[in-house]
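Number of protein chains: 2
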Amino acid sequence: MPALRSWFNIPWGSHFSLANIPFGIISSPSSKNPRVAVAIGDHALDLEAFAANNGFSALSIIQPHQAVFSQPTLNDFAALGRPIHSVVRKYIQDVFNVDTTYPEVLKTNSSLQKQALLPLKEIQTHLPFKIGDYTDFFVGLHHAYNCGVMFRGPENALNPNYKHLPVGYHGRASSVVVSGTPIRRPHGQILLNPAAEKKEPIYTAIKKLDFELELGAFVTKSNNMGEPVPIAEAEQHLFGLVMLNDWSARDVQSWEYIPLGPFNAKNLGTSISPWVVHADALALFKVKGIENDAGVLPYLREKNDENVYDIQLTIDLTSTSGSSATIAKTNGRNLLWSYPQMIAHHTSTGCNLQVGDLLGSGTISSENDRSGFGSLLEQSDNGKVAIKLSGGEERRFLEDGDEVTFSGVCGTDEEALVGFGTVTGRIEPALKL
Amino acid sequence: MPALRSWFNIPWGSHFSLANIPFGIISSPSSKNPRVAVAIGDHALDLEAFAANNGFSALSIIQPHQAVFSQPTLNDFAALGRPIHSVVRKYIQDVFNVDTTYPEVLKTNSSLQKQALLPLKEIQTHLPFKIGDYTDFFVGLHHAYNCGVMFRGPENALNPNYKHLPVGYHGRASSVVVSGTPIRRPHGQILLNPAAEKKEPIYTAIKKLDFELELGAFVTKSNNMGEPVPIAEAEQHLFGLVMLNDWSARDVQSWEYIPLGPFNAKNLGTSISPWVVHADALALFKVKGIENDAGVLPYLREKNDENVYDIQLTIDLTSTSGSSATIAKTNGRNLLWSYPQMIAHHTSTGCNLQVGDLLGSGTISSENDRSGFGSLLEQSDNGKVAIKLSGGEERRFLEDGDEVTFSGVCGTDEEALVGFGTVTGRIEPALKL
Chain H
1183 MPALRSWFNI PWGSHFSLAN IPFGIISSPS SKNPRVAVAI GDHALDLEAF
1233 AANNGFSALS IIQPHQAVFS QPTLNDFAAL GRPIHSVVRK YIQDVFNVDT
1283 TYPEVLKTNS SLQKQALLPL KEIQTHLPFK IGDYTDFFVG LHHAYNCGVM
1333 FRGPENALNP NYKHLPVGYH GRASSVVVSG TPIRRPHGQI LLNPAAEKKE
1383 PIYTAIKKLD FELELGAFVT KSNNMGEPVP IAEAEQHLFG LVMLNDWSAR
1433 DVQSWEYIPL GPFNAKNLGT SISPWVVHAD ALALFKVKGI ENDAGVLPYL
1483 REKNDENVYD IQLTIDLTST SGSSATIAKT NGRNLLWSYP QMIAHHTSTG
1533 CNLQVGDLLG SGTISSENDR SGFGSLLEQS DNGKVAIKLS GGEERRFLED
1583 GDEVTFSGVC GTDEEALVGF GTVTGRIEPA LKL
Chain V
1183 MPALRSWFNI PWGSHFSLAN IPFGIISSPS SKNPRVAVAI GDHALDLEAF
1233 AANNGFSALS IIQPHQAVFS QPTLNDFAAL GRPIHSVVRK YIQDVFNVDT
1283 TYPEVLKTNS SLQKQALLPL KEIQTHLPFK IGDYTDFFVG LHHAYNCGVM
1333 FRGPENALNP NYKHLPVGYH GRASSVVVSG TPIRRPHGQI LLNPAAEKKE
1383 PIYTAIKKLD FELELGAFVT KSNNMGEPVP IAEAEQHLFG LVMLNDWSAR
1433 DVQSWEYIPL GPFNAKNLGT SISPWVVHAD ALALFKVKGI ENDAGVLPYL
1483 REKNDENVYD IQLTIDLTST SGSSATIAKT NGRNLLWSYP QMIAHHTSTG
1533 CNLQVGDLLG SGTISSENDR SGFGSLLEQS DNGKVAIKLS GGEERRFLED
1583 GDEVTFSGVC GTDEEALVGF GTVTGRIEPA LKL
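So the sequences go chain by chain: H and V. Its first residue numbered 1183, the first sequence is counted upward by one per residue in the working numbering. Its first residue numbered 1183, the second sequence is counted upward by one per residue in the working numbering.
And the structure:
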């Protein structure tokens, strides 16, 4: 898609082109109240200020609902539903278009431009949603396979259920934080010598701190308990996506996870990018996911098999000494199941999803390509192989002071990019206990 | 403890004696607004009405906080902290005491009695807390052992980590409902023939619907992410307990749970009793739990090994034909780990617990006594043994129309009971999909 032209200066290569219009929560030096905004180029359009100054005067459908833009989370806006989001996004695209239908709203209104268009570098972003429940899936097949090989060998790498249902588990909602929040190296109960016959755990600062490259999706429509969401309707329950880093304590995980799954290994922090890219903006980038040769049951079968997104994903690591490296590149298409399939399965036993629930994809890795693996566990083969940074530094797991940054973007520079910006987090040393 | 005598008629054998004073959320025909109350005998004392009519005039410490009693959940009251709860409970006990220090507050104030003392049978109870996250532990050792024997044999019944840490997993908060809410038999992806070499799942109304007898605890004090709660302080993070039924789809569970734990098998509904018995009321009933011969790490070691509660627990089942039976009796002391230990472990990697979080104990079963097992899975040995009801009916798993009721009580009739009342739920037939 050729770039939409704007009267506003949107820098070449910006993730936040006119084709994107992602939603987030901001505060600024002049107003500390968190409120709704969209990102456009190097700026945020403060939708509270925009609405208060007749920005939506030409859009009667949103006028009874303008209070949603003054909320400290996107939940109320999301609850208005996909059709309203579409109208709002298209209207904002029109307002910024070089040939806008409504020049008086913003293009020729320098007073409102000054008030509502805030440089991103001067604002603070916040967690975009009040998250009720956070579910983490495991639908990155190559990641699941890599982990399976490591712990069970190539013959039994994938469990028998893996291709029949989107495997997932309940995660911890309270420890989901916005990009930039420091992550403290946790203490945890671990085995220093897992291979020993006698298991003698200790409680200590963990050794195997890792990241997981994931996508996260927010739910925009609730379903009642006891009432599954049919697969054909599931797309309407999806608000949009963020980048997600599911920080993981691998030494805690390997000791605790049998039989009930990961618990403390995963609740030390989960970081997400602040700008939620709407499902409408991503629709142009739908592609086929990984072929499922197991036969998909009707309640999970979609009409269109282009159901996942072509998102270029990058992982960068920078150490305190400034050594850095792009340590992985992969793509959002490396998923066995789509978000509508995850929603249909999650609700298949009647579970009530609610507006603002977060659904992680699980770690995304490329196939058979170490430089495309989405976790250090896989890249280092559980600590056996060193990953090179610049300046001779190496990593097997994360060290104190390391900063991990994921970015994700759809499209090419020649066209309008639809990007996520970044999610980043820096490791603080463990507390002295 | 001999019963405290009251000027108010508290029926002999009531769970809600003067020694109890459990907190809950009610609405009534005269005021549909959910608000805070305590249960006393056959009545609820509406604390919003009580506060508005100078009920707390003699208790200056609570006066700046009286708005908490008009809230639709207990979260704000809980956040005031254990010392304030103690003062409020003791004050209410004094107000109801036959020799009350404050007769004018209620004993001789028939107008306020009429307004604020509402018969339980005329009010509606609601979910007591806004639950942020729900965690379900697995610390009922005999249950864990029974399940282990069923699936792995007696040699490997307990996993190596079991006695070193309170095993738990993240549950689903949105599907926690108050007692009396109907539970619909879910559809789910299951194997009709799990033993077959080729796994051919189908999506159908589930066959193995079960209950799980648990206690649930609410968190009353938040900790920051990255900052573990020391074991010595953990008791102060505990508000009180409810009875909890963690409805379970066993056929879904056995197919889905490897490797990430139970998911859809457990998010179809979790029922809790409406009146939260405060930790202060339970303190008199502390007893030793199950001896842990594994050596407890210092971060989980408590000074006092009387750390679990002597609660008599009963399970009743009634079918649509009226057949019924008390199908199990067990005791809350059958736990390997205490709630302070669960809190210390849960936060040991820095997980931030928040006011209103719910912590399930895991299923509680007696040792080596089928009539004391807390789930049908155990009682029927996964469907092999029939459980007798009256009138010749039998059960292996739950049938449509079955009503399951748990009750729990501390003390004896000769003394003042501290009881939970009941948590009940009735199975509705599956939807036609």
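Ideal Cβ placement from N, Cα and C applies to all residues, glycine included.
Check                                                                                                                                                                              : Outcome
For Val1331 of chain V, I'd like the list of residues in its chain whose CB is within less than 7 Å of its CB, leaving aside the five on either flank, ordered along the chain.    : Ala1339
Quick one: give me the first and last residue of the alpha helix (DSSP H) that Arg1274 of chain H is part of.                                                                      : The sequence shown places Ile at residue 1274 of chain H, rather than the Arg named in the question. That run of the alpha helix (DSSP H) goes Arg1264 to Phe1278.
First and last residue of the beta strand (DSSP E) that includes Ser1209 of chain V?                                                                                               : Phe1205 to Ser1210
Taking the continuous alpha helix (DSSP H) assigned at Arg1483 of chain V, which residues delimit it?                                                                              : That residue, Arg1483 of chain V, is in no alpha helix (DSSP H); it is neither H nor E in DSSP.
According to the neighbour-count rule (16 or more other Cβ atoms, all chains shown, within 10 Å of its Cβ), is Val1567 of chain V buried or exposed?                               : exposed
Tell me whether Tyr1521 of chain V sits in a helix, a strand or coil according to DSSP, three-state version.                                                                       : helix
Once DSSP output is grouped into helix, strand and coil, what is the label at Met1622 of chain V?                                                                                  : Past the boundaries of the shown model lies residue 1622 of chain V; chain V is included only from 1183 to 1615, so the question cannot be answered.
Answer with buried or exposed for Val1280 of chain H, where buried requires no fewer than 16 other C-beta atoms within 10 angstroms of its C-beta.                                 : exposed
Any beta-carbon of chain V closer than 9 Å to the one on Tyr1327 of chain H?                                                                                                       : no
Between the alpha carbons of Thr1290 of chain H and Ser1430 of chain H, how many angstroms are there, rounded?                                                                     : 50 Å
Under 7 Å Cβ-Cβ, which residues of chain V neighbour Ala1355 of chain H?                                                                                                           : Gly1314 and Asp1315
Taking 6 Å as the limit between beta carbons, can you name the residues of its chain near Arg1608 of chain H, skipping five residues before and five after?                        : Pro1364 and Glu1585
Buried or exposed: which applies to Thr1594 of chain V, given that a residue is buried once 16 or more other Cβ atoms fall within 10 Å of its Cβ?                                  : exposed
Between the segment 1378-1392 of chain H and the segment 1545-1553 of chain H, do three or more beta carbon pairs fall short of 8 Å?                                               : no
Rounded to whole angstroms, what is the Cα-Cα separation between Leu1300 of chain V and Arg1432 of chain H?                                                                        : 54 Å
In chain V, which residues lie with their C-beta within 7 Å of the C-beta of Ile1440 of chain H?                                                                                   : Asn1341
Listing by chain order, which chain V residues have their CB less than 8 Å from the CB of Lys1403 of chain H?                                                                      : Going along chain V, no residue has its Cβ under 8 Å from Lys1403 of chain H, so there is no contact; the nearest lies around 14 Å.
Thinking C-beta only, is Ser1557 of chain V closer than 9 Å to Leu1395 of chain V?                                                                                                 : yes
Is there a C-beta anywhere in chain H that falls below 9 Å from the one on Gln1253 of chain V?                                                                                     : no
Would DSSP call Tyr1351 of chain H helix, strand or coil?                                                                                                                          : strand
Compare the Cα-Cα distances from Gln1617 of chain H to each of H:Gln1418, H:Glu1230, H:Arg1334 and H:Leu1227 and report the closest residue.                                       : The shown model of chain H, from 1183 to 1615, leaves out residue 1617 of chain H, and the question about it has no answer.
Nearest CA to the CA of Pro1611 of chain H: which residue from H:Glu1576, H:Gly1583, H:Gly1477 and H:Thr1604?                                                                      : H:Gly1583
Measuring CB to CB, does Thr1402 of chain H end up less than 9 Å from Pro1368 of chain V?                                                                                          : no
Any beta carbon from chain V within less than 9 Å of Met1425 of chain H's own beta carbon?                                                                                         : no
Look up Ile1472 of chain V in the DSSP assignment and say whether it is helix, strand or coil.                                                                                     : coil
Who are the neighbours of Gln1371 of chain H on chain V, taking C-beta pairs under 9 Å?                                                                                            : Asn1343, His1346, Leu1347, Leu1479, Tyr1481, Leu1482, His1527, Ser1530 and Thr1531
With 8 Å as the limit, tell me which residues of the segment 1378-1407 of chain H have their beta carbon closer than that to any beta carbon of chain V; keep them in chain order. : Lys1381, Pro1383, Ile1384, Tyr1385, Ile1388 and Met1407
Would Ala1621 of chain V count as contacting chain H if we go by Cβ distances under 9 Å?                                                                                           : In this structure chain V extends from 1183 to 1615, so residue 1621 of chain V is not present and cannot be described.
Verify the CB distance criterion: does Asp1539 of chain V have a CB-CB separation below 9 Å to chain H?                                                                            : yes
Which residues, in chain order, does the segment 1252-1271 of chain H contribute to contact with chain V at a C-beta distance below 9 Å?                                           : none
Could you pull the start and end residues of the beta strand (DSSP E) that Glu1396 of chain H belongs to?                                                                          : Leu1395 to Val1401
Ser1242 of chain H to Val1218 of chain H, Cα distance in whole Å?                                                                                                                  : 19 Å
Could you pull the start and end residues of the beta strand (DSSP E) that Gly1330 of chain H belongs to?                                                                          : No beta strand (DSSP E) holds Gly1330 of chain H; the alpha helix (DSSP H) holding it covers Leu1323 to Arg1334.
According to the Cβ coordinates, are Lys1470 of chain V and Asp1487 of chain V closer than 9 Å?                                                                                    : yes
Put Pro1246 of chain V into one of helix, strand or coil per three-state DSSP.                                                                                                     : helix
Are Val1478 of chain H and Leu1423 of chain H close, meaning C-beta to C-beta below 9 Å?                                                                                           : no
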